[in-house]
Amino acid sequence: MAQTLAEKILSSHSGREVAAGDIVVADVDICLVQDGTGPLAVRSWRELGFGKVAHPDKTVIFLDHACPSPRKELSNDHKFLREFAEQTGCVLKDIGEGVCHQVICEEFVRPGDILVGADSHTCTGGALGAFTTGMGSTDIAVAIALGKTWFKVPQTIKVAVNGKLSKHVYSKDVMLYLIGKIGVEGANYKALEFCGKTIEEMDESSRMALSNMAIEAGAKAGIIASDEKTKEFLKKYGREKDFTAVTPDVYAEYEKIIDIDASRLSPQVALPHAVDNVKPVEEVKNVKVHQVVIGTCTNGRIEDFRVVAELCKGKKKAKHTRVIVCPASKSVFQETLKEGLIDILVEFGAAVIAPGCGPCVGVHGGILADNENCVSTQNRNFLGRMGNPNSFIYLSSPATAIASAIAGEIADPRKI
Amino acid sequence: MKGIAFKFGDDISTDLIAPGRYFHLRSNLEELARHVMEDADPQFPQKVKPGDFIVAGKNFGCGSSREHAPRIIKMAGVSAVIAKSFARIFYRNAVNIGLPVVECDTDKISNGDEIKVHLSEGMIKNISQDTSIDFRPLPHFMVSILNDGGLVQHIKKHHGFAAAK
């Protein structure tokens, strides 16, 4: 039977040929938790009473959401997770290593793998041709103990993107456009499979921005066939041997096919307070911007900072606009330093914070004041997301975000 | 199960249920539960009584995977969440921690209605309006997790997933 990427990967991990709608118990290659979900996962794991971790070398604990810790309660959670890693031999990624979704792709995920994580944006790894998905703490606790979990094999929506992206239009704009079109529930319980010439030409970092936001349409996974670009990415991190080609069958059955002509897209902006409240930037007028955030697991990669630095080099940010820069990982941070990009951003007026989730989760690192507007390259603009329910979050690409920091209001990067 | 319906709209995110600004309370669920649904209705934590229901529109529980969201709903005494549809991770989390979730047309329930939910029959009786609403019961596999008292108890009882046997 011809299979989608999701069906193929779930079949290879459950010992039988499966199709959309089947309930399967599948082997899990990698598990992750972070500091917001990890303590509860560890407590559930203890409650199970198995006393063992199936694959400690592939169970990764990230301290990335509150890094460094801003409060004693969170410091105690960090201590609790460090001790668990020490006792069980699980891999610990302490503060400063970066956001779980970036680091897990740099160091662990292989095409064809199944990764489950106690974080909704675990779908990021789908960009490497893997089945990666977010679950709650107890599900992950069971996966950590048994090395298995259960899935309902999802139906797949194929998203075919063709055409050349205009200057200063990026994968983030494609994804915001798609979510605006299908809605925040448009892919609930389903997998998205991205393909087409535009995707084939995208580097892995751009693809990761697509997969990262699959959950914003409700999707279980956002998968992209692995290819030469995937191999390039793995090679960069010394993992070329981890490459395998994972592709869907030509006659696989899709629930539907969505065609996007990338050449017609403008930069896109998601307005408060929903990710599907999307407009092209030229229709978003007179929005004063108090804070700009560039980074996070959606758009905090080296390619993003190259774009941003090129646009703001030699310029100064608007006086009333704060700029926060947050690289997605330690290795991205080091690259930005080597290439002199951080220097350009600091000169521009940005505050640089430790690699991690930064202000995206509303814990610290840039909580908004009442009635303030923020343009962020993150993935979510729900009411209260950045720590204050009386503030307004707009989502965009890094180029649109930096253009807005220069103008002091939401601005079109094609016009600076 | 009988109680009062607290009605909410579409797309109630886990940020509205368990706001990120209380991130530091995640290892102190009793305290976090005092803020349940606070950003959707600031009075909800004071008003809700054991046995009551949360009734909502589509895509309930969208966003973050935080299992704390269904846990504090359950701790507040809510006996089930009834919505037009649920976001996938929340749905799974709720069952895993033993909080019943019901998918049905919630337009027929108004805020403050007294309702009775018959889980195994797949029927809601709206006592205030003297109407009834049918719903599709949970998939069999999820019913067994719920009946076992959640995923931890299910795994302990079956020494793994019952579905794999």
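Each protein sequence line maps, in turn, to chains X and H.
If you count by our numbering, then the first sequence holds residues 2 to 417, one letter each, in order.
If you count by our numbering, then the second sequence holds residues 274 to 438, one letter each, in order.
Beta carbons: idealized from backbone N, C-alpha and C, even for Gly.
Just so we're clear, the structure is a prediction, and the values are computed from it rather than from any experiment.
Exercise for the section: Report yes if the C-beta of residue 305 of chain H is less than 6 Å from at least one heavy atom of the ligand MG; otherwise report no. Expected result: Of the ligands one can find in the structure shown there are none, so the ligand MG has no counterpart to examine.
Handout entry: Nearest to residue 405 of chain X (by Cα), restricted to the options X/92, X/199, X/139 and X/322
Key = X/322
Exercise for the section: Kindly list, in the order they appear in chain H, the residues whose Cβ is closer than 8 Å to that of residue 1 of chain X. Expected result: Given a span of 2 to 417 for chain X in the structure shown, any question on residue 1 of chain X remains unanswerable.
Handout entry: Among X/225, X/342, X/328 and X/267, nearest to residue 6 of chain X - alpha-carbon criterion
Key = X/225
Handout entry: Counterpart residues of residue 327 of chain H in DSSP-defined beta bridges
Key = H/279 and H/354
Problem - Short CB-CB distance (under 7 Å) between residue 41 of chain X and chain H - result: yes
Exercise for the section: Have a look at residue 390 of chain H and residue 275 of chain H and give me their C-alpha separation to the nearest angstrom. Expected result: 6 Å
Problem - Euclidean distance between Cα positions of residue 256 of chain X and residue 307 of chain H - result: 42 Å
Exercise for the section: Leaving out five residues on either side along the sequence, give the residues of the same chain with a beta carbon under 6 Å from the beta carbon of residue 333 of chain H. Expected result: 285, 356 and 359
Handout entry: chain H contact for residue 75 of chain X (CB, 7 Å cutoff)
Key = yes
Exercise for the section: Using a threshold of 7 Å, state whether the C-beta atoms of residue 425 of chain X and residue 328 of chain X are closer than that. Expected result: Residue 425 of chain X lies beyond the stretch modelled for chain X, which goes from 2 to 417, so this question has no answer here.
Practice task
With 7 Å as the threshold, decide whether the Cβ of residue 434 of chain H is near any Cβ in chain X.
Solution key: yes
Practice task
Could you confirm whether any beta carbon from chain B is found closer than 7 Å to the beta carbon of residue 277 of chain X?
Solution key: In the displayed structure, chain B is absent; the protein chains listed are X and H.
Practice task
Would you give the residue range spanned by the alpha helix (DSSP H) that residue 390 of chain X belongs to?
Solution key: Annotation for residue 390 of chain X: no alpha helix (DSSP H) segment contains it, and DSSP assigns it neither H nor E.
Problem - chain H contacts made by the region 208 to 234 of chain X, where a contact means CB separation under 7 Å - result: 219 and 221
Exercise for the section: Have a look at the DSSP bridge pairing and note the partners of residue 396 of chain X. Expected result: X/271 and X/377
Exercise for the section: Quick one: residues in its chain with C-beta nearer than 7 Å to the C-beta of residue 14 of chain X, no 5 flanking neighbours on either side, listed in chain order? Expected result: Around residue 14 of chain X: 27, 28 and 115.
Practice task
Identify the continuous beta strand (DSSP E) that holds residue 133 of chain X and give its terminal residues.
Solution key: Residues 132 to 135.
Exercise for the section: At 9 Å on the CB atoms, spell out the chain H contacts of residue 186 of chain X, in chain order. Expected result: 283, 284, 331, 332, 335, 358 and 360
Problem - Where the alpha helix (DSSP H) containing residue 348 of chain H begins and where it ends - result: 341 to 348
Exercise for the section: Express the C-alpha separation of residue 40 of chain X and residue 297 of chain X in angstroms, rounding to a whole number. Expected result: Those two C-alpha atoms are separated by around 22 Å.
Practice task
Under the assumption that residue 409 of chain X contacts residue 290 of chain X (Cβ atoms under 8 Å), give the Cβ distance between them as a whole number of angstroms.
Solution key: 6 Å
Practice task
Consider the Cβ of residue 383 of chain X: report whether some Cβ of chain H lies at a distance smaller than 7 Å.
Solution key: yes
Handout entry: 6 Å CB neighbourhood of residue 421 of chain H in its chain, flanking five on each side removed
Key = 427 and 430
Handout entry: Nearest candidate by alpha-carbon position, reference residue 214 of chain X, set X/102, X/164, X/229 and X/239
Key = X/102
Exercise for the section: Report yes if the CB atom of residue 294 of chain X is closer than 7 Å to the CB atom of residue 325 of chain X, and no otherwise. Expected result: In this structure, residue 325 of chain X lies closer than 7 Å to residue 294 of chain X by Cβ.
Practice task
Would you decide whether residue 2 of chain X is buried or exposed? Buried here means 16 or more other CB atoms lie within 10 Å of its CB.
Solution key: Taking all protein chains in view, the Cβ of residue 2 of chain X is surrounded by fewer than 16 other Cβ atoms within 10 Å, so the residue is classified as exposed.
Practice task
Starting from the C-beta of residue 383 of chain X, find all residues in its chain whose C-beta is less than 7 Å away, skip the five residues before and the five after it, and write them out in chain order.
Solution key: 274
Problem - Beta carbon of residue 139 of chain X nearer than 7 Å to that of residue 162 of chain X - result: no
Problem - The beta strand (DSSP E) enclosing residue 245 of chain X, as first and last residue numbers - result: Careful: residue 245 of chain X lies outside any beta strand (DSSP E) and carries neither H nor E.
Problem - Cβ distance (whole Å) where residue 97 of chain X is taken to contact residue 331 of chain X below 8 Å - result: Right, the Cβ-Cβ distance comes to about 6 Å (below 8 Å), so this counts as a contact.
Practice task
Tell me, please, which residues DSSP counts as bridged to residue 281 of chain X.
Solution key: X/269
Exercise for the section: Check the Cβ-Cβ distances between residue 386 of chain X and every residue of chain H, and say whether any is below 7 Å. Expected result: So yes, residue 386 of chain X belongs to the interface.
Problem - Terminal residues of the alpha helix (DSSP H) in which residue 174 of chain X lies - result: 172 to 183
Practice task
Please name the residue in H/294, H/352 and H/432 whose C-alpha comes closest to that of residue 370 of chain H.
Solution key: By alpha-carbon distance to residue 370 of chain H, the top candidate from H/294, H/352 and H/432 is H/352.
Exercise for the section: Mind checking the region 282 to 316 of chain H against chain X and listing, in chain order, the residues whose C-beta falls within less than 8 Å of any C-beta there? Expected result: 284, 286, 288, 289, 292, 293, 294, 296, 297, 298, 299, 300, 301 and 312
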